[in-house]
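What follows is a single structure, written as structure tokens, with notes after it.
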Amino acid sequence: MTDTTAPIEQAGQTGTSTLSGVPETLLITLAARLIAARQNPDLRFADPATEAVGKALGFDPDRFSHDRASMRGCVVRGKWFDRIVARFLQGNPQGLVVSVGSGLDTRPNRLAPPPGVDWVDIDFPEVVALLEACVPPLPNVTALAADATDVAAWVDKVPWREGRPVLMIAEGVAMYLQPSQGMAWLNAMAAQATARGSSLTLALDLASPLMVSQSHRHPSVSKTASLFHWGVRRPGDIPTAIPTLRLLETHDIARQCGLPSFLVASAYRLLTLGRPIYSCARFGTSDAD
Ligand SMILES: C[S@@+](CC[C@H](N)C(=O)[O-])C[C@H]1O[C@@H](n2cnc3c(N)ncnc32)[C@H](O)[C@@H]1O
């Protein structure tokens, strides 16, 4: 296994100053992972590669540590995505993982994909440049600079062979998209899977319309001058709009982010007859498990 703790050349020459707007939001999740051991030790999240990234960037996670609910939510969410990816890797040791809006996440270091798997991280050019500067390369893991929602522009640059099972994950991404852009993106992925005879699994986190309408008040997102745009009333709305997808599982994040968040999320469920205020969901084509 690659030594992820080896010293990394100072990526801090430019540091995080090249990031603004939505790309800057990757610092929120990076901060959550960096302070997980001290702020949320019960979650038992460990990632030496993330610590190396934080050091290389000279990044101070205390910029966001006051937002305890989000810090906890990012780690709860990250562990859910880790579980989904680990399950895919186990069942599909020759599969393809496409990680959309991967930011500076070091999930491949945490999960050590088997040699038959290809893993492609996709993010905007300034993010990919930073990732390549501060995360040591791993075999079969590549990064692509692209607008991930423009599937036609990148799909032929990734090793998506006919029939190859594909997992696309997008953690902390969907809510920043325009609603029509988000649906068109998922639709394009489902159409590619049909055209290539591949099983496709999608894992996303979805904000409710209420959460989107309040994003200007979000204690961390507001520090990056970003806003949420795409709210989904319930995860089942996605397969209703894209019938080749099935909803395979959901996971309520908001109810695991401390008491105030739990109470708001529970009240929201009661008032809306069961809708989550913020959750993760896994979808698949009919042949995905
Ligand atoms: C909140 S951060 C999450 C980063 C990472 N997934 C994590 O959990 O640490 C959102 C990321 O999505 C990326 N992103 C948003 N929209 C995107 C798009 N259309 N194409 C590629 N990347 C995008 C941003 O640049 C940023 O890195």
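Everything in the sequence shown is counted per the numbering used here, starting at 2 for the first residue and increasing by one.
C-beta atoms are modelled at their ideal positions from N, C-alpha and C, and glycine is treated no differently.
Distance from the CA of I36 to the CA of A196, rounded to the nearest whole angstrom, comes to 43 Å.
No Cβ-Cβ contact shorter than 7 Å links P166 with D119. Taking C-alpha positions only, D157 is separated from T202 by approximately 19 Å. DSSP places V98 within a strand segment (E or B) once states are collapsed to three. Here R235 carries a coil assignment [DSSP, helix/strand/coil]. With a threshold of 6 Å, the Cβ atom of D122 does not count as near ligand 1, since no heavy atom of the ligand is closer than that. When DSSP states are grouped into helix, strand and coil, W161 belongs to the coil group. Looking at the backbone, the Cα of L90 and that of P115 are separated by about 7 Å. Beta-bridge partners of L112 (DSSP): none assigned.
One Cα belongs to Q179, the other to S214, and the distance between them is close to 13 Å. Residue nearest to V142 within the set S280, P62 and R108 is R108 (criterion: CA-CA distance). Note on L264: under 16 other CB atoms within 10 angstroms of its CB, so exposed under the neighbour-count rule.
In the structure shown, L260 adopts helical secondary structure according to DSSP, grouped into three states.
Counting every other CB atom within 10 Å of its CB across the protein chains shown gives D48 a total of 16 or more, marking it as buried.
Note on the segment 150–218: whole alpha helix (DSSP H) runs with a minimum of 4 residues are 152–155, 180–197 and 210–214, in chain order. Beyond the five residues adjoining it in sequence on each side, Q40 comes within less than 6 Å, by CB distance, of M72 in the same chain, given in chain order. G275 counts as exposed, since fewer than 16 other C-beta atoms from the protein chains shown sit within 10 angstroms of its C-beta. When distances are taken from the beta-carbon of Y177 to the heavy atoms of ligand 1, the shortest one is below 6 Å. Boundaries of the alpha helix (DSSP H) around T51: P49 to L58.
Annotated three-state conformation of F46 is coil, per DSSP.
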